[in-house]
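Novice: In my numbering, the protein residues as written are 1 to 329.
Note that CB positions come from ideal geometry on N, CA and C, so glycine has one too.
Let me begin by handing over the structure; questions about it come next.
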Amino acid sequence: MAVKLPTTTRSYYFPVRESYKNLTLQTTPLPALKSTFVLVKIYAVSLQYRDLMIASNTYARGGIPENLVPCSDMAGEVVAVGSDVTRWTVGDRVCSNFSTDHLDGDVDAEIIKTALGGGQHGVLTEYRAFPDYSLVKIPEHLSYEEASTLPCAALTAYNALMGPKPVKAGDTVLVLGTGGVSIFGLQFALASGATVIATSSSDAKLEISKKLGGADAHRGTGCRSYFGDSSFNVQIGGPGTFEKSLAAVRYAGYIHIIGAVAQSAPIATSIGSVAQFESMTRLLRAHPELTRPVIDKVFSFEDAVDAYAYLESQKHVGKVVIRVSPASK
1 MAVKLPTTTR
11 SYYFPVRESY
21 KNLTLQTTPL
31 PALKSTFVLV
41 KIYAVSLQYR
51 DLMIASNTYA
61 RGGIPENLVP
71 CSDMAGEVVA
81 VGSDVTRWTV
91 GDRVCSNFST
101 DHLDGDVDAE
111 IIKTALGGGQ
121 HGVLTEYRAF
131 PDYSLVKIPE
141 HLSYEEASTL
151 PCAALTAYNA
161 LMGPKPVKAG
171 DTVLVLGTGG
181 VSIFGLQFAL
191 ASGATVIATS
201 SSDAKLEISK
211 KLGGADAHRG
221 TGCRSYFGDS
231 SFNVQIGGPG
241 TFEKSLAAVR
251 YAGYIHIIGA
261 VAQSAPIATS
271 IGSVAQFESM
281 TRLLRAHPEL
291 TRPVIDKVFS
301 FEDAVDAYAY
311 LESQKHVGKV
321 VIRVSPASK
């Protein structure tokens, strides 16, 4: 029996970008599906700090469409495929890549224009069409909510730790904070056999880091004075903590400056390619429990504004997710 496809979708958009409070729900028609595209029913969307900056018009990059549909990270199910699509079939569970045209290799200006929720309209919608080459299969053990956290936070942490000099057993990784990227960094470092030290300004948040496997946790970032002769090979932090990171890192170590929470000026990042995303999913499948995404809170689609407010409060550990539609898995 043929499944009747939707003709409209409900989406959030910004009629004006002054605050996330400007988020407005609308219903719009779905365009005809192009031959090389797939139509995805979106079940879950995770939020990034970038989404707050775009909402308040403080994001440095230009070229953002008017009436922007926000957000870049989604997980959903393929419900229709174009006539020339062979890679995907109806029922496949998929994630979006941050930039739809970043397939492999270095990023360039044209690829950046395809960043979801920034260079082009995003994923805070019930249905959306994607180029068939821009999606990645969800690991079987993850729910849609968990999978929605992968495209930005997980892939950023993965590329930081598995990039020019991959983290290995015997390394020490210092993770600053307990946001999405930092928590994934902790998990990926542990999966690679490294020792992890976590920092936060909150004792309650540090307890969660310890439960995830952090060898030590420290309130504040005076790391070298606190840990003595420990050598920190890789650090994940924002630009506002750079001087403290520099004081703590060992000679020939790595400092990865990620995100913009620690100061107002953003640091642009290409996040990662489809090829890198697929590589990361192999690590997730190899270590399913050690790398399971940490979700702080899930909001309903109707409460999207509240989800933004909660992210802004910085009370979360891990990720904040919006459940667009309920799903059995």
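Taking C-alpha atoms, which residue in T89, N159, A109, K319 lies nearest to T281?
Specialist: Translated into the one-based positions of the sequence shown, residue 281 becomes position 281. Closest by alpha carbon: N159.
Novice: Excluding sequence positions up to five away, which residues of its chain have a Cβ less than 8 Å from the Cβ of S264?
Specialist: As a working mapping, residue 264 is identified with position 264 in the sequence shown. With a pLDDT of 43 at S264, under the threshold of 50, the predicted position of this residue should be treated as unreliable, though the coordinate-derived value follows. So the list reads T58, once near-sequence residues are dropped.
Novice: Using a Cβ-Cβ cut-off of 6 Å (strictly less than) and excluding sequence neighbours within five positions of H141, which residues of its own chain qualify?
Specialist: Taking the sequence shown and counting its residues from 1, one reaches residue 141 at position 141. Only P288 meet the Cβ criterion.
Novice: Rounded to whole angstroms, what's the CA-CA distance from A191 to S19? Just pull it up for me.
Specialist: Working through the sequence shown from its first residue, we reach residue 191 at position 191. Working through the sequence shown from its first residue, we reach residue 19 at position 19. Roughly 38 Å between the two C-alpha positions.
Novice: Around the Cβ of E145, are there at least 16 other Cβ atoms within 10 angstroms (buried) or fewer (exposed)?
Specialist: Position 145 of the sequence shown holds residue 145. Buried, since its Cβ has 16 or more Cβ neighbours within 10 Å.
Novice: Leaving out five residues before and five after I208 in sequence, what residues of the same chain have Cβ atoms less than 7 Å from its Cβ?
Specialist: Reading the sequence shown from its first residue, position 208 is the one you call residue 208. The answer, listed in chain order, is T178, V317.
Novice: Apart from the five residues on each side of it in sequence, which residues of its chain come closer than 7 Å, Cβ to Cβ, to R285?
Specialist: To locate residue 285, count along the sequence shown from 1; it is residue 285. Once the five neighbours on either side are set aside, the close Cβ partners of R285 are P139.
Novice: How big is the Cα-Cα spacing for A32 and S99?
Specialist: Here residue 32 refers to the residue found at position 32 when the sequence shown is read from its first residue. Here residue 99 refers to the residue found at position 99 when the sequence shown is read from its first residue. The straight-line gap from Cα to Cα measures roughly 22 Å.
Novice: Determine the extent of the beta strand (DSSP E) in which D296 is found, giving its start and end residues.
Specialist: Mapped onto the sequence shown, residue 296 falls at position 296. Here the beta strand (DSSP E) through D296 covers 295-300.
Novice: Tell me which residues share the same chain as F14 and place their Cβ nearer than 6 Å to its Cβ, disregarding the 5 neighbours each side in the sequence.
Specialist: Locating residue 14 in the sequence shown gives position 14, counting from the first residue. Same-chain partners within the cutoff: N22, L68.
Novice: Excluding the five sequence neighbours on either side, which residues of its own chain have a C-beta within less than 6 Å of the C-beta of A154, listed in chain order?
Specialist: Within the sequence shown, numbered from 1, the residue matching residue 154 stands at position 154. The residues are F184.
Novice: Which of the three DSSP states is assigned to Y13 in this structure?
Specialist: Within the sequence shown, residue 13 is the residue found at index 13, counting from 1. DSSP places Y13 in strand when its eight states are reduced to three.
Novice: In or out: T406 buried (at least 16 other Cβ within 10 Å) or exposed?
Specialist: Past the boundaries of the shown model lies residue 406; the chain is included only from 1 to 329, so the question cannot be answered.
Novice: With a threshold of 16 other CB atoms inside 10 Å of the CB of L161, please say whether the residue is buried or exposed.
Specialist: Residue numbering aside, residue 161 sits at position 161 when the sequence shown is read from its first letter. Result: buried.
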